[in-house]
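Working notes for the structure below.
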Amino acid sequence: MNRWWLCVLLLAGIVTNGFADPLVVGPLTQKERLAPHVSYWKAPDTQTELADVLTVPESDWVPNGGDDVNLGYTDDTYWFRMTITNPYASNDNFLIELAYPVLDHVAAYDVVDGEVRKEWLLGDKQSFHDRPVDHRNFLLPLRLDANSSGTLYLKVHTSSSMQLPLVLWRQTAFFSAEQPRLLMEGLYYGIILVMVLYNLFVYLAVGERSFLFYVGYIMAMPLFLTSLHGVAFQYLWPEATWWNDQAIVFFLNLTIAFGGLFAMRFLSVLPATHPRLSRLAIAIIATSVMFSVLSCIAPYHLMIMPTIVLAVLGCSGLMLMSVVRLREKDPAARYYLLAWFCMLLGGIVLALNKFTILPQNVLTENAAQVGSALGVILLSIALAERLNKEKRKAFMAQEQLYRQERKARLVQEKNLQTQQEANTLLEARVQERTRDLESVNEQLLELSSTDALTGLKNRGHFDRTFESACVRAYRFGQPLSLLMVDIDHFKQFNDTFGHLVGDDCLQMVASGISEFVTRPQDLAARYGGEEFVILLPNTPENGAVRVAEKIRQQIENTDFRVSDEVVRLTISIGVRSLIPSHAEAARELFRQADEALYEAKGSGRNRVSVYRGGDRADKVTKLRPVPH
Numbered sequence: 039m040n041r042w043w044l045c046v047l048l049l050a051g052i053v054t055n056g057f058a059d060p061l062v063v064g065p066l067t068q069k070e071r072l073a074p075h076v077s078y079w080k081a082p083d084t085q086t087e088l089a090d091v092l093t094v095p096e097s098d099w100v101p102n103g104g105d106d107v108n109l110g111y112t113d114d115t116y117w118f119r120m121t122i123t124n125p126y127a128s129n130d131n132f133l134i135e136l137a138y139p140v141l142d143h144v145a146a147y148d149v150v151d152g153e154v155r156k157e158w159l160l161g162d163k164q165s166f167h168d169r170p171v172d173h174r175n176f177l178l179p180l181r182l183d184a185n186s187s188g189t190l191y192l193k194v195h196t197s198s199s200m201q202l203p204l205v206l207w208r209q210t211a212f213f214s215a216e217q218p219r220l221l222m223e224g225l226y227y228g229i230i231l232v233m234v235l236y237n238l239f240v241y242l243a244v245g246e247r248s249f250l251f252y253v254g255y256i257m258a259m260p261l262f263l264t265s266l267h268g269v270a271f272q273y274l275w276p277e278a279t280w281w282n283d284q285a286i287v288f289f290l291n292l293t294i295a296f297g298g299l300f301a302m303r304f305l306s307v308l309p310a311t312h313p314r315l316s317r318l319a320i321a322i323i324a325t326s327v328m329f330s331v332l333s334c335i336a337p338y339h340l341m342i343m344p345t346i347v348l349a350v351l352g353c354s355g356l357m358l359m360s361v362v363r364l365r366e367k368d369p370a371a372r373y374y375l376l377a378w379f380c381m382l383l384g385g386i387v388l389a390l391n392k393f394t395i396l397p398q399n400v401l402t403e404n405a406a407q408v409g410s411a412l413g414v415i416l417l418s419i420a421l422a423e424r425l426n427k428e429k430r431k432a433f434m435a436q437e438q439l440y441r442q443e444r445k446a447r448l449v450q451e452k453n454l455q456t457q458q459e460a461n462t463l464l465e466a467r468v469q470e471r472t473r474d475l476e477s478v479n480e481q482l483l484e485l486s487s488t489d490a491l492t493g494l495k496n497r498g499h500f501d502r503t504f505e506s507a508c509v510r511a512y513r514f515g516q517p518l519s520l521l522m523v524d525i526d527h528f529k530q531f532n533d534t535f536g537h538l539v540g541d542d543c544l545q546m547v548a549s550g551i552s553e554f555v556t557r558p559q560d561l562a563a564r565y566g567g568e569e570f571v572i573l574l575p576n577t578p579e580n581g582a583v584r585v586a587e588k589i590r591q592q593i594e595n596t597d598f599r600v601s602d603e604v605v606r607l608t609i610s611i612g613v614r615s616l617i618p619s620h621a622e623a624a625r626e627l628f629r630q631a632d633e634a635l636y637e638a639k640g641s642g643r644n645r646v647s648v649y650r651g652g653d654r655a656d657k658v659t660k661l662r663p664v665p666h
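Okay, here's the thing in C-alpha cells:
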C-alpha cells in the first residue's frame with residue numbers, strides 16, 4: 039500500500055506544473071521544512087476567497103523551489119499551498135509552525151478532498167489570545183488521517199516582509215526543541231537585566247551620564263528584539279495590535295539614539311575635538327529621535343524601510359567613530375570597535391534578510407540578538423579596559439610623586455588622605471541612597487496596596503492575595519471563608535447626605551470591620567464603592583458566621599452622627615466557606631459568596647446569609663426593625 043502511494047505521488051509531481059512536491063510524513067517524521075513543498079499565487083486583490091483559489095489553473099501556481107519562502111516587502115496578497123500526505127495505516131498529529139510573528143493578516147485553511155476541514159484567522163492584527171495555540175509564533179494543529187492527503191492553504195497580506203518560515207513538527211519534537219530555545223533566551227535576557235540594574239545603580243551612585251545612555255541602549259535593543267520575535271506581543275501587550283507593529287520601529291530607533299549618545303560620551307567625541315564626527319553622530323541621533331516620534335503616528339510600512347536604512351548608516355557611522363579613536367591610540371576603542379562590528383554585522387544580516395538578499399533561517403532571523411549579546415559583553419570589557427587605563431595613570435603618577443623631594447611626599451600623603459576621605463564619603467552616599475531607595479520602595483508598595491479613603495487594603499491587593507490563598511487552602515486541605523459586605527441603601531444615603539458624609543460612612547464601616555479581622559493571615563479590603571470583602575484562611579463556616587454576625591451587630595449598634603442627627607446604618611453579609619477542590623477555585627468561591635450577599639439583600643437586608651448551594655442561601659440573621 040505504501041509503495042502504491044509513493045508511485046502516485048511521483049507521477050503527480052511529474053504531470054503537475056503548479057504543484058510543488060507533496061510532503062510525505064510517517065511515524066519517524068519529527069521535523070520537516072515546508073518551503074520546498076510550497077507553491078504560491080499572487081491574488082488580484084485582497085478580497086479573493088478560498089472558493090476562487092480552488093478554481094485557479096495549475097499553471098498559475100508557482101512552485102517555491104527554495105529552502106525558504108521570502109518574497110520581500112510587497113503590498114500584494116499572496117496565497118500559498120502545500121500538500122501533506124500520510125500513506126500509513128494510522129492517524130497522526132502534527133504542528134505547523136509559522137515562525138515570523140509580525141505578519142499582519144494570515145488566513146489558514148485545512149482542505150481535504152475539496153472540503154474545508156478547519157480554518158484559522160491569524161496575524162498580529164488579531165488579539166494574541168485568539169490564536170489556536172498560545173505561542174509567540176503562529177502554530178496550527180494539524181491532524182492527518184491514515185492513507186490520506188490534505189492541502190493547507192494560506193492567505194497572507196502584510197505590511198512587513200512577506201516571509202513564511204514554515205516547519206512541520208511532531209508535537210513532542212516541537213516542545214523538546216522549545217526548551218533549549220527558551221533557555222538561551224532566558225540567559226540572554228538575564229544578562230541584559232543584570233547589566234541594566236548594575237549600570238543604573240552606578241549611574242545613580244556617581245551621576246555619570248554615559249552609564250545612563252548605556253542603560254538606555256541595552257534596554258531598547260532587547261525591547262526591539264522581543265517585539266520583532268513576538269515575545270513582547272505574548273507577554274507585554276497581547277491586546278495592543280496597533281502598537282505591536284509600531285513598537286518594532288519605535289524601539290529600533292531608540293536603540294540607534296541611545297547607542298549614539300553612549301558612543302559620543304564613552305569615546306569622548308566632542309564638537310571641540312572632533313567637529314565632523316560629532317556632527318555626523320548628532321545628525322544620526324536627531325533623525326532616530328524624529329523617527330521614534332513619527333513611528334507613533336505614521337504606519338509601519340512607511341517607517342520600516344527608512345528605519346532599516348538609518349540603522350545601517352548609524353551602525354556604520356558609530357563604527358567609524360571607534361576607528362578614528364583607535365587611530366588616536368585610545369585602547370578602549372579596540373574593544374568598542376569589535377563590539378560594534380558584532381552589532382553591525384547582526385544588523386546588516388537582519389536587513390539583508392528583510393530585503394530577501396539572504397535566506398530566512400535561525401541565524402539570519404536572530405542575528406541582531408546574537409550580535410547585541412556579543413556587543414554587550416565586549417562593551418563590558420571596554421569599560422574594564424577604561425578602568426584599567428585610569429588605574430595605570432594613577433600608578434604612574436604615584437611613582438612620580440615618590441621620586442620627588444620630601445615636601446612633595448608630604449603633599450602626596452595629604453592628597454592620599456583626601457582621596458580616602460572622598461572614597462569614604464562616596465561609600466556613605468551609596469549606602470544612604472540604597473537605604474533611601476529601600477524606604478521609598480516600601481512606602482510605594484504600601485501605598486499601592488492600600489485604599490486611601492478607608493485605610494483597608496484595596497481591590498488589587500485583595501485579588502492577588504485571594505488567588506494565592508485559594509491555592510494554599512487547596513494544597514493543605516484547609517477551609518477558606520469569604521465574606522462579602524455591602525452597606526444597605528448606601529446610594530440613597532449618599533444622595534441624601536452628600537458624598538463627604540458618605541465617605542465618613544465608609545470609614546466607619548471599615549473601622550468596624552477592622553475590629554474583628556485581627557489575625558495576621560486575615561484580610562479585609564474595600565472591593566469597590568460600598569462593597570467590602572473579608573478573607574478568613576483556615577476558618578470553617580461556623581467561625582466565619584460568628585465573625586460576620588459580630589461585624590453586622592457592631593455596625594447596627596454604632597451611632598453614626600450627621601450634624602445633630604443620629605443615623606442607623608446596617609449592612610448585609612454573604613458568607614461562603616469551603617475546602618477548595620482544585621487550585622482555580624477562587625472564581626467559584628467568589629461567585630457563591632456574591633450569591634449569598636445577593637440573597638441577604640433580597641431577603642430584607644441587615645442580615646448574614648450563608649451559601650448552601652441550589653437556588654437560595656440560608657439566612658442566619660433575621661431582620662430586626664432598625665430606626666432610621
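In this note's numbering, the protein residues as written are 39 to 666.
Virtual Cβ for every residue (Gly too), placed ideally from N, Cα, C.
ask   = Between the Cα of HIS620 and the Cα atoms of ARG513, THR577, VAL171 and GLN217, which residue gives the shortest distance?
value = ARG513
task = Take the Cβ of ASN282 as the centre, count every other Cβ of all protein chains shown within 10 Å, and call the residue buried at 16 or more, exposed below.
result = buried
ask   = By DSSP, does LYS639 sit in helix, in strand, or in coil?
value = helix
message = Suppose the cutoff is 6 angstroms on Cβ atoms and the five residues either side in sequence are ignored; what does the same chain contact list for ASP114 look like?
response = LYS80
key: Buried or exposed (CB count within 10 angstroms, at least 16 for buried), GLN442   = exposed
message = I'd like the span of the beta strand (DSSP E) that includes HIS143, first residue to last.
response = 143 to 150
query = DSSP three-state call for GLY224: helix, strand or coil?
reply = helix
ask   = What's the gap between the Cα of GLY566 and the Cα of ASP526?
value = 14 angstroms
ask   = Run through DSSP, which three-state label would VAL646 get?
value = strand
message = Taking DSSP's pairing of strands, which residues face PHE176 in a bridge?
response = LEU136
key: CA nearest to the CA of CYS543, picked from VAL600, LEU88, GLN164 and TYR252   = VAL600
task = Determine the closest residue to TYR373 out of PRO337, TRP207, GLY413 and LEU159, with distance taken between C-alpha atoms.
result = GLY413
ask   = Given LEU250, which residues of its chain have a CB within under 7 angstroms of its CB, disregarding the five upstream and five downstream residues?
value = TYR241
ask   = Can you tell which of ILE609, ALA243, SER610 and THR189 has the C-alpha that lies nearest to the C-alpha of PHE118?
value = THR189
Nearest to GLY245 (by Cα), restricted to the options ARG606, LEU364, ARG467 and ASP602 = ARG467
ask   = Just how far apart, CA to CA, sit MET259 and VAL149?
value = 41 angstroms
request  = On a CA-only basis, which of GLY493, GLN201 and GLU465 is nearest PRO397? Give me that one, please.
outcome  = GLN201
request  = Keeping to the same chain, check which residues put their C-beta closer than 6 angstroms to that of ALA586; ignore five residues upstream and five downstream.
outcome  = LEU521, ILE611, VAL613 and VAL646
key: Integer Cβ distance of SER265 from ALA184, believed to fall under 8 angstroms   = About 42 angstroms separates the two Cβ atoms, so there is no contact after all.
query = Is DSSP giving PRO260 helix, strand or coil here?
reply = helix
message = Check whether the stretch 273 to 293 and the stretch 314 to 330 touch, using three or more Cβ-Cβ pairs below 8 angstroms as the test.
response = yes
Contacts around LEU274, its chain only, beta-carbon distance under 8 angstroms, and the 5 residues preceding and following it disregarded = THR264
Integer-rounded CB distance, given that PRO578 should sit under 8 angstroms from SER615 = 6 angstroms
request  = Closer than 7 angstroms by C-beta to HIS195: which residues in its own chain qualify, once you throw out the five before and the five after it? Chain order, please.
outcome  = THR84, THR115, ASP142 and HIS143
query = Can you find at least 3 beta carbon pairs, one from the stretch 500 to 517 and one from the stretch 623 to 641, that sit closer than 8 angstroms?
reply = yes
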